[in-house]
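So the structure is just underneath, and the comments pick up after that.
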Amino acid sequence: MQPKDLEEPLRMKLSLTKVVNGCRLGKIKNLGKTGDCTMDIPGCLLYTKTGSAPHLTHHTLHKIHGVPAMAQLTLSALAEHHEVLAEYKEGVGKFIGMPESLLYCSLHDPVSPCPAGYVTNKSVSVWGVGGRVEMTASKFMAIQQVLQPDWFQCLSDGEATCDEATSIKRARKSVDRSLLFLDNCLKLQEESEVLQKSVIIGVIEGGDVMEERLRSARETAKRPVGGFLLDGFQGTATLETRLHLLSSVTAELPEHKPRLICGVSQPDEVLECIERGVDLFESFFPYLATERGCALTFSFDYQPIPEETLLQQNGTEEEVKYVDQTKKSKTTSCNQEITSFEINLKEKKPSGKH
Amino acid sequence: MAAVVSPTSLESAPRIMRLVAECSRSRARAGELRLPHGPVATPVFMPVGTQATMKGITAEQLDALGCRICLGNTYHLGLRPGPELIQKARGLHGFMNWPHNLLTDSGGFQMVSLVSLSEVTEEGVRFRSPYDGDETLLSPERSVEIQNALGSDIIMQLDDVVSSTVTGPRVEEAMYRSIRWLDRCIAAHQRPDKQNLFAIIQGGLDADLRATCLEEMTKRDVPGFAIGGLSGGESKGQFWRMVALSTSRLPKDKPRYLMGVGYATDLVVCVALGCDMFDCVFPTRTARFGSALVPTGNLQLKKKQYEKDFRPIDAECACPTCQKHSRAFLHTLLHSDNTAALHHLTVHNIAYQLRLMSAVRASIVEKRFPDFVRDFMGTMYGDPTLCPSWATEALASVGITLG
Numbered sequence: 261m262q263p264k265d266l267e268e269p270l271r272m273k274l275s276l277t278k279v280v281n282g283c284r285l286g287k288i289k290n291l292g293k294t295g296d297c298t299m300d301i302p303g304c305l306l307y308t309k310t311g312s313a314p315h316l317t318h319h320t321l322h323k324i325h326g327v328p329a330m331a332q333l334t335l336s337a338l339a340e341h342h343e344v345l346a347e348y349k350e351g352v353g354k355f356i357g358m359p360e361s362l363l364y365c366s367l368h369d370p371v372s373p374c375p376a377g378y379v380t381n382k383s384v385s386v387w388g389v390g391g392r393v394e395m396t397a398s399k400f401m402a403i404q405q406v407l408q409p410d411w412f413q414c415l416s417d418g419e420a421t422c423d424e425a426t427s428i429k430r431a432r433k434s435v436d437r438s439l440l441f442l443d444n445c446l447k448l449q450e451e452s453e454v455l456q457k458s459v460i461i462g463v464i465e466g467g468d469v470m471e472e473r474l475r476s477a478r479e480t481a482k483r484p485v486g487g488f489l490l491d492g493f494q495g496t497a498t499l500e501t502r503l504h505l506l507s508s509v510t511a512e513l514p515e516h517k518p519r520l521i522c523g524v525s526q527p528d529e530v531l532e533c534i535e536r537g538v539d540l541f542e543s544f545f546p547y548l549a550t551e552r553g554c555a556l557t558f559s560f561d562y563q564p565i566p567e568e569t570l571l572q573q574n575g576t577e578e579e580v581k582y583v584d585q586t587k588k589s590k591t592t593s594c595n596q597e598i599t600s601f602e603i604n605l606k607e608k609k610p611s612g613k614h
Numbered sequence: 107m108a109a110v111v112s113p114t115s116l117e118s119a120p121r122i123m124r125l126v127a128e129c130s131r132s133r134a135r136a137g138e139l140r141l142p143h144g145p146v147a148t149p150v151f152m153p154v155g156t157q158a159t160m161k162g163i164t165a166e167q168l169d170a171l172g173c174r175i176c177l178g179n180t181y182h183l184g185l186r187p188g189p190e191l192i193q194k195a196r197g198l199h200g201f202m203n204w205p206h207n208l209l210t211d212s213g214g215f216q217m218v219s220l221v222s223l224s225e226v227t228e229e230g231v232r233f234r235s236p237y238d239g240d241e242t243l244l245s246p247e248r249s250v251e252i253q254n255a256l257g258s259d260i261i262m263q264l265d266d267v268v269s270s271t272v273t274g275p276r277v278e279e280a281m282y283r284s285i286r287w288l289d290r291c292i293a294a295h296q297r298p299d300k301q302n303l304f305a306i307i308q309g310g311l312d313a314d315l316r317a318t319c320l321e322e323m324t325k326r327d328v329p330g331f332a333i334g335g336l337s338g339g340e341s342k343g344q345f346w347r348m349v350a351l352s353t354s355r356l357p358k359d360k361p362r363y364l365m366g367v368g369y370a371t372d373l374v375v376c377v378a379l380g381c382d383m384f385d386c387v388f389p390t391r392t393a394r395f396g397s398a399l400v401p402t403g404n405l406q407l408k409k410k411q412y413e414k415d416f417r418p419i420d421a422e423c424a425c426p427t428c429q430k431h432s433r434a435f436l437h438t439l440l441h442s443d444n445t446a447a448l449h450h451l452t453v454h455n456i457a458y459q460l461r462l463m464s465a466v467r468a469s470i471v472e473k474r475f476p477d478f479v480r481d482f483m484g485t486m487y488g489d490p491t492l493c494p495s496w497a498t499e500a501l502a503s504v505g506i507t508l509g
């Protein structure tokens, strides 16, 4: 596929106010169908389940200040309803009662990892309530045509990091497949007036293999995508081992397009990613804490080396436990453990950490 | 509300009910309750919140729907978290952050519903707590003590409740015991100036027993009366006759609270029979099963027929759910693991109940209640003559014909 020399000028525009130690501060303007919405970066997306914030009605959601301008929908929840949405005709935003919100459609739900092993050269599968929905590029784009989101993650192969040890071969395949899907989807987008109103987010794959990650970044950047999703940085290995990959990847990406990452939502991890050039995050961490019966309580002071600072301050056994907890949650990275950012309300005397 | 009341005086129980209008045919009345946390228009439906929260809805949402009185449950709150803690939180109002009125029941109804855990004696009801297995005695004195700590605007006597399907000497025993327990509750009540203690008429489905209970309890000058021991498993024919008997013998200038009634048809009929206040878990419970209440009955939104139905639940409904969402979306959401669907339906169902009662009240005030009843039955059953026979009989008994 010949890379386009001149990209179609996308209406949306990312302006950077400043960059400090790799952290990007700025705004994305001219967003949405009417082109008059703005998002701040760094920023996050409102996490939804089947088009609704978990447990909250529109009324209660809007009692909260600072609800993100862009909501994340997942194909895993919506793909199986595409017939209903096709008949509805007016797009998923209106269907779910969020006509004013910007919408980003990801493939998967960051909270419910799907079974691996179902990506082929021709299709990717998502799992809904009714079971597996297999999507070729055409079916995928047909679904997006009916959803009409503002942004959507392109069909991609995100399974290079699913196994314990990524093979180079598997990493290479994830990049090849994702690029092929991207080119197919871009072509289909060209042929559809409706789809041209949505922005495709290119997906950076490549597992834990630096060479493949760089290749993915460079090749994806050649395509006329609206932004980039850094996929595969979540999972069973620690984020730490992947952070160096992250810096190298973002260095290859154009400055003026937004960088999203999936599967990262815990405050400390978010900050680490911002330092490495990431702009937008999912916000499923509050949901996970809620499901544990915990309330988020943390000050917004960030200690660059939290463990050392704490041990210096107190050196008590309790603080050592605190440190262990943070470490534990990082190593498992499956967010099942109570983190240091929350208190467990089920305890008789929930203890605060500050 | 009279501020100067000696604790043992019975003569100066306040008149909390002001009658605004009465139907010239039936026994329906429109009124206003004057309660410590504000006025309440009657007839009124009071949503039920167990454990100090309305399941699926916040206090703020309930307030936004126009609710001005709802129920808290003494049994659950008395055990967990316990009255001492609630008193620290500035009473149940503070604990729930509810600015309007609260009615707490005595804890007695749970005797019937959780009967395997309880044992009734003259002393009170002995419970085994489902939370920690501890034994507690809920006596009339203890029930009032808990409710005093909770600070609810209306408190209920502890009554000896038997299921309406029980027959024999147990019913008579329970009726007389309830009278004795009423007197013990009145004696134990520490805050008659701030909290209104209601009596509960028992007697099961036995007209003589009920009449006796009515005669005795109306001798006690309490601010209001509840009609209890019904809305269990009894037939509707027996049910309405006991309601009618009760309202015929209760004073006109005090509110009549019919406990546990919440189906729309039952509400309309029992207003005609002279009841002012109602409570029921039905609207909130049915919401949690995916059922939305509408003037023609209910919509089981999980069913496939709603998959592509892009209309709101009820085009006439002003609730936030109907303003924003279609049946199709709610259907989709109900098939997901997002509980938001249940909250949407809870909001709508409560709105439906409150709107129904408003409409009933307006029709009484505007002197067209019998027509309202006919219209209501027509909408609900297709034709007024197709309404259930018990309802037709009950309405006929108070001068409203449907044919």
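Line by line, the protein sequences are chains A and B.
This note's numbering runs 260 ahead of the 1-based position in the first sequence.
This note's numbering runs 106 ahead of the 1-based position in the second sequence.
Where is the CB? At the ideal position from N, CA and C, for every residue including glycine.
1. Counting only runs that start and end within the segment 351–401 of chain B, where is the beta strand (DSSP E) found for 3 or more residues in a row?
2. Please tell me whether leucine 451 of chain B has its Cβ less than 8 Å away from any Cβ of chain A.
3. Please report the distance separating the alpha-carbon of glycine 391 of chain A from that of serine 442 of chain B.
4. How would you list, in chain order, the residues of chain B whose beta-carbon sits under 7 Å from the beta-carbon of phenylalanine 355 of chain A?
5. Using a threshold of 7 Å, is the CB atom of tyrosine 364 of chain A nearer than that to any non-hydrogen atom of the ligand HEM?
6. According to DSSP, is valine 327 of chain A part of a helix, a strand, or is it coil?
7. Is it a yes or a no for the segment 391–402 of chain B touching the segment 436–453 of chain B, going by three-plus beta-carbon pairs under 8 Å?
8. Can you tell me whether asparagine 444 of chain B is buried or exposed, with buried defined as 16 or more other CB within 10 angstroms of its CB?
9. Could you check whether the Cβ of proline 314 of chain A sits closer than 8 Å to any Cβ belonging to chain B?
10. Listed in chain order, which residues of the segment 412–446 of chain B have Cβ atoms closer than 8 Å to some Cβ of chain A?
11. Would you tell me roughly how many angstroms separate the C-alpha atoms of isoleucine 598 of chain A and lysine 606 of chain A, rounded to the nearest one?
12. What is the rounded straight-line gap between the Cα of histidine 431 of chain B and the Cα of isoleucine 356 of chain A?
13. Of the choices B:Glu229, B:Val226, B:Gln263, B:Lys194, whose alpha-carbon is the least far from that of aspartate 211 of chain B?
14. Using beta-carbon positions only, say whether valine 327 of chain A and leucine 306 of chain A come within less than 8 Å of one another.
15. On the CB-based measure, 16 or more other CB atoms within 10 Å of its CB, does arginine 286 of chain B come out buried or exposed?
16. Which ranges does the alpha helix (DSSP H) cover as unbroken runs of at least 4 residues, wholly within the segment 223–294 of chain B, from first to last along the chain?
17. For the beta strand (DSSP E) containing isoleucine 307 of chain B, name the first residue and the last one.
18. Can you list, in chain order, the residues of its chain with a C-beta nearer than 6 Å to that of glycine 214 of chain B? Leave out the 5 residues immediately preceding and following it.
19. Report yes or no: is there a C-beta of chain A within less than 8 Å of the C-beta of glutamine 167 of chain B?
20. Quick one: what does DSSP say arginine 124 of chain B is sitting in, helix, strand or coil?
21. Going along chain A in order, which residues have a C-beta closer than 8 Å to the C-beta of threonine 164 of chain B?
22. Under the DSSP definition of a beta bridge, which residues are partnered with valine 384 of chain A?
23. Using a Cβ-Cβ cutoff of 7 Å, what residues of the segment 334–367 of chain A are near chain B? List them in chain order.
24. According to the Cβ coordinates, are serine 270 of chain B and glutamate 190 of chain B closer than 8 Å?
25. So, for glutamate 419 of chain A: in the same chain, excluding its five sequence neighbours on each side, which residues have a beta-carbon less than 6 Å away from its beta-carbon?
26. Is valine 509 of chain A closer than 8 Å to alanine 477 of chain A when the C-beta atoms are compared?
27. Please state the DSSP three-state secondary structure of serine 115 of chain B.
28. To the nearest angstrom, report how far apart arginine 536 of chain A and leucine 506 of chain A are at their CA atoms.
29. Is arginine 232 of chain B near leucine 243 of chain B, with beta carbons less than 8 Å apart?
30. Run through chain B and tell me which residues come within less than 7 Å of threonine 310 of chain A, C-beta to C-beta.
31. Hey, would you say cysteine 414 of chain A sits closer than 8 Å to glycine 466 of chain A, going by beta carbons?
32. Taking Cβ to Cβ, would you say leucine 303 of chain B is nearer than 8 Å to valine 328 of chain B?
33. Out of curiosity, what's the CA-to-CA distance linking proline 389 of chain B and proline 298 of chain B?
34. Taking 8 Å as the cut-off, does the segment 409–418 of chain B touch the segment 368–382 of chain B (at least 3 CB pairs, one atom from each stretch)?
35. Does alanine 511 of chain B come out as helix, strand or coil in the three-state DSSP assignment?
36. How long is the line joining the alpha carbons of isoleucine 403 of chain A and cysteine 428 of chain B, rounded to whole angstroms?
Considering the structure as presented:
1. 362–364, 383–386, 397–400
2. no
3. 12 Å
4. Phe435
5. Looking for the ligand HEM in the displayed structure turns up nothing, as the structure carries no ligands at all.
6. coil
7. yes
8. buried
9. yes
10. Glu413, Lys414, Phe416, Pro426, Thr427, Lys430, His431, Ser432, Ala434, Phe435, Thr438, Leu439, His441, Ser442, Asp443, Asn444, Thr445, Ala446
11. 12 Å
12. 7 Å
13. B:Gln263
14. yes
15. exposed
16. 246–256, 275–294
17. 302–307
18. Leu264, Asp265, Val267
19. yes
20. strand
21. Thr320
22. A:Met395
23. Ala337, His341, Val344, Glu347, Tyr348, Phe355, Ile356, Gly357
24. no
25. Ala376, Val379
26. yes
27. Confidence at serine 115 of chain B is low in this model, with a pLDDT of 38, below 50, so the placement of that residue is unreliable and no value is reported for it.
28. 7 Å
29. yes
30. Thr438, Leu439, Ser442, Asn444
31. no
32. yes
33. 32 Å
34. no
35. Residue 511 of chain B falls outside the range modelled here, since chain B spans only 107 to 509, and no answer is possible.
36. 27 Å
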